[in-house]
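Protein chains: 2
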Amino acid sequence: MKPNARERLIEGTRQLLWERGYVGTSPTAILARSGVGQGSMYHHFDGKPDLVLAAEQRSAELMQQQIAEAFAVEGTALERITGYLKRERDVLRGCSVGRLTADPEVMADDTLRAPIREAFEVQHEHLRRTIAEGVADGEFAGDLDIDETASAIAAVIQGGYALARAAQAVEPFDRAIRGVLSLLRASAPRAN
Amino acid sequence: MKPNARERLIEGTRQLLWERGYVGTSPTAILARSGVGQGSMYHHFDGKPDLVLAAEQRSAELMQQQIAEAFAVEGTALERITGYLKRERDVLRGCSVGRLTADPEVMADDTLRAPIREAFEVQHEHLRRTIAEGVADGEFAGDLDIDETASAIAAVIQGGYALARAAQAVEPFDRAIRGVLSLLRASAPRAN
DNA sequence: GTCTATATTCGGATAGAC
DNA sequence: GTCTATCCGAATATAGAC
């Protein structure tokens, strides 16, 4: 119980939001998961929305970190994109940030939506920059639309989770990733 | 109030599930949305899970119908796929079937998950058949992996919704769709 | 078949003691 | 700062009248 009640509350809420979304995450469940008492919760946070915001910011932060790390490696553009898409993921769990786009309470509130929006903007920037480098290096076709390609890749990740969960199997996710990577590879100017 | 209390209950539940998911859909809200009384609901259905199953089946059925219609048109494989991806959609509302993959109550119960799984299987079959035709006709590269490509396309749709909702704008969805279509077009054997 | 009444549990929070 | 007690309304039903 040492690691700071505040910290434990944020992490417990983050996990619950990831699994069950906004309505599915009750104060009672948060307390049980965090191992702190009710008094602590209302001491550190104004209420559920406030705590949820802190948990969201944490998830968004972690997502941005993982993206930055994945793209910080050496290699060609295709290698870095492949590395990011194929990095270790708990596929059936899905994306802790993407999950929240399903929640109307989160989407309807600009404050609660902001961390989600920003995390995807950062992801888009990393993809766009890397694809642009690939085009500049002649690795990808010169007429490839950078933004469209970046959005397609980001969508494959989020949608891959949905397909995998529907099937309760990792395979559809992996297939979708391999599919978009093959298309990207095939779009190379003349090589391959 | 004529169109059958049962029918109204299914449609009301379907809409609520679409918007708010399983936990977010309360009996009280269903009654309000459907305009029927509590007695009717427990007369026609065993309880919430039973009614939810009926609503899911309806959503899955509608999705399968729309897919079948979109692919029943004349045209090249690319034209039919483009037509399906660009057909009218209420993008910010997302997919009534895909939404449910976010719900742990639905994913944990094989009975409740079945309609979702089946709808995506049917979608995959349509995509796979159409892509296979495109390959046979020399429209797409001969070494294109049919299943991987089909999964990538299906993922772009579902993930596109997530990106659009995060931004509260249709643009990311449209960009992702255009992106995957460009990649598909660019993968053509030698044409273009 | 549909309605109203009632029951039980939980969600979300306040109050005040320690 | 954390704990326990308490509060009110909503979620999810059951019972029984019409």
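Chains as they are written, first to last, in UniProt numbering: chain A, 1 to 192; chain B, 1 to 192. Ideal placement from N, C-alpha and C gives every residue a C-beta, glycine not left out.
Considering only residues of the stretch 44 to 125 of chain A, which uninterrupted alpha helix (DSSP H) runs meet the minimum length of 4 residues and lie entirely inside it, listed in chain order? 48 to 71, 77 to 85, 104 to 107
Between which residues of its own chain and T76/B is the CB-CB distance below 8 Å, once the five residues before and five after are set aside? G134, D137, E139
Give, in chain order, every residue of the stretch 91 to 117 of chain A whose Cβ lies closer than 9 Å to some Cβ of chain B. L92, G94, C95, V97, G98, R99, L100, T101, A102, D103, P104, E105, M107, D110, R113, I116, R117
Taking the beta carbon of R175/A as the centre, do at least 16 other beta carbons fall within 10 Å, making it buried, or is it exposed? buried
Strictly under 8 Å for the Cβ-Cβ distance: is Q158/B near chain A by that measure? yes
Using a Cβ-Cβ distance under 8 Å, would R20/B count as near chain A? yes
Assuming the contact rule is C-beta atoms closer than 8 Å, A132/B and I146/B should be a hit. Round their C-beta distance to whole Å, please. 5 Å
Along the chain, where does the alpha helix (DSSP H) containing Q15/A start, and where does it finish? 5 to 20
Taking any Cβ of chain B, which residues in the UniProt domain "HTH tetR-type" (9 to 55) of chain A have a Cβ under 7 Å from it, in chain order? E19, R20, G21, V23, G24
Secondary structure at P172/A, three-state DSSP: helix, strand or coil? helix
is_contact[L183/A, chain B] using C-beta, thresh 8 Å: yes
T28/B, DSSP secondary structure in three states: helix
Secondary structure of D143/B, DSSP reduced to three states: coil
Quick check on V135/B: does DSSP put it in helix, strand or coil? helix
Within-8 Å CB hit, R178/B to chain A: yes
Within chain B, the residues that R58/A reaches when beta carbons sit closer than 8 Å: What R58/A touches in chain B: nothing, since even the nearest Cβ is about 17 Å away.
Should T28/A and L16/A be called a contact, given that it needs their Cβ atoms to be closer than 8 Å? no
Look at the alpha carbon of S40/B and the alpha carbon of Q64/B, and state the distance between them as a whole number of angstroms. 29 Å
Between V73/A and Q123/A, what straight-line distance do the alpha-carbon atoms span, to the nearest angstrom? 16 Å
Buried or exposed (CB count within 10 angstroms, at least 16 for buried), R87/A: exposed
Rounded distance between the beta-carbons of L78/B and H44/B, thought under 8 Å: The pair is not a contact, with the Cβ atoms about 46 Å apart (cut-off 8 Å).
Beta-carbon proximity check, V91/B vs V170/B, cutoff 8 Å: yes
Would the stretch 181 to 191 of chain B and the stretch 159 to 168 of chain B be scored as touching if the rule is three or more Cβ pairs under 8 Å? no
Looking at the C-beta of L62/A, does it have a partner C-beta in chain B at a distance below 8 Å? no
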